[in-house]
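K.L.:
Okay, here's the structure, questions in a sec.
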Amino acid sequence: METRRLRWDDLPITVRTAVQERTGPVLGAQAMTSGNNNALAARLHTASGEIFVKGLPRSHPQIRAQQWEADLGVKVAPIGPRLLWDVEAGGWSLLGFEYIAGRQASYAPGSPDLLLLAQTLTELGERPLPAVALEPVEWRWAEHVDDPADLERFAGDTLVHTDLNPANVLITKKRSHLVDWAWAGRGAVWLDAALAVIWLLTSELHTPASAEAWAATMPAWHQAPARSLDVFAAANAAKWSEIAEHEEWAQGLCHAARLWAAHRSR
């Protein structure tokens, strides 16, 4: 669901005041242009440093996902940004995170960013499942598998991010960081690697074989039975084909998912 993006100055004064009780005076604000899940996403300049703030009205349908993100924010650092505070005021819920001064990842073949991403996904897969109420993600494909029993192939007890759009992967001098955890859940250890294959193909710079070769650098990829990857590729092709019928922004993902499914079905 796309959400209309507001600027910091558009927020009610009661909301801005509640935030500044945590941050001190806000000296400037820069709206973020990527992402569409939050009504507010901004980089705040304060006397004590920079903070990333995101938020939604309490009545928004995605407010539950934002609460999951808040719960995870104290668990996922340094893979993700650390949650500094959460504020509820004036009918709004806002989260304040440490600001990661990184650039968006490049998914081009041979990019060193891909090595950093593989390392980060491996680190995430090796972490114990945090004590947070996480949705089992396999149900996201319930309408797109021929045999409902196949959903168990996607199930597991690993924290998975699931939204590896390159805008959600920030590169710093030391590592890659995953941001925007609103779609995180509990699933098979190999799911993020498989979903990343689709994103690599969306760049139109990879072949299915080269994208899978990158995924194979991660131990988790080798825990996926070939049949599970076949079923997962087909389910994503069906899912993104359905979404793309109504959403222009999904055309690239639809093409990529179909390309991967065709490769897996040979």
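My numbering puts the first residue of the sequence shown at 338, with every later residue one more than the last.
Note that beta-carbon positions come from the ideal geometry of N, C-alpha and C, so glycine has one too.
Given Gly524, which residues of its chain have a CB within under 8 Å of its CB, disregarding the five upstream and five downstream residues?
P.N.:
Pro473, Val474, Glu475, Phe491, Ala492, Gly493, Thr495, Val497, Thr499
K.L.:
By alpha-carbon positions, which one of Thr383, Ala402, Gly386 ends up nearest to Gly392?
P.N.:
Ala402
K.L.:
Can you tell me whether His514 is buried or exposed? The criterion is at least 16 other CB atoms within 10 Å of its CB, across all chains shown.
P.N.:
buried
K.L.:
Which same chain residues end up closer than 7 Å to Val526 when comparing Cβ atoms and leaving out the 5 residues on each side of it in sequence?
P.N.:
Gly462, Gly493, Thr495, Ala557, Gln560
K.L.:
Looking only at its own chain, which residues have a Cβ that is under 7 Å from the Cβ of Thr354, when we skip the five neighbours before and after it?
P.N.:
none
K.L.:
Buried or exposed for Ala486, please, with buried defined as at least 16 other CB atoms from any protein chain shown within 10 angstroms of its CB.
P.N.:
exposed
K.L.:
Comparing the C-beta of Val352 with each C-beta of chain D, is any distance below 9 Å?
P.N.:
This model lacks chain D altogether, as it is built from one protein chain only.
K.L.:
Tell me where the beta strand (DSSP E) around Thr370 begins and ends.
P.N.:
Taken as a continuous stretch (DSSP letters only), Thr370 belongs to no beta strand (DSSP E), as it is neither H nor E.
K.L.:
Taking only the alpha-carbon atoms, compute the straight-line gap between Met338 and Pro398 and give it to the nearest angstrom.
P.N.:
Residue confidence for Met338 is low, a pLDDT of 46 falling below 50, so the modelled location carries little weight; the figure read from the coordinates is stated next. In this structure, the CA atom of Met338 is about 9 Å from the CA atom of Pro398.
K.L.:
Under the assumption that Val390 contacts Leu431 (Cβ atoms under 8 Å), give the Cβ distance between them as a whole number of angstroms.
P.N.:
6 Å
K.L.:
Would you list the one or two residues that DSSP bridges to Thr509?
P.N.:
Partner(s): none; Thr509 has no beta bridge.
K.L.:
Give me the DSSP bridge partner(s) of Arg440.
P.N.:
Ile508
K.L.:
Taking the CB atoms as reference points, tell me whether Trp478 and Phe569 lie closer together than 9 Å.
P.N.:
Contact: yes.
K.L.:
With a CB to CB cut of under 7 Å and the five nearest residues on each side skipped, what residues in its chain are close to Leu453?
P.N.:
Ile508, Arg512, Ser513
K.L.:
Please work out which residues of its chain come closer than 6 Å, Cβ to Cβ, to Ala426, disregarding the five sequence neighbours upstream and downstream, and give them in chain order.
P.N.:
Thr351, Val352, Ala355
K.L.:
Tell me whether His295 sits in a helix, a strand or coil according to DSSP, three-state version.
P.N.:
Since the first and last residues shown for the chain are 338 and 603, residue 295 lies out of range.
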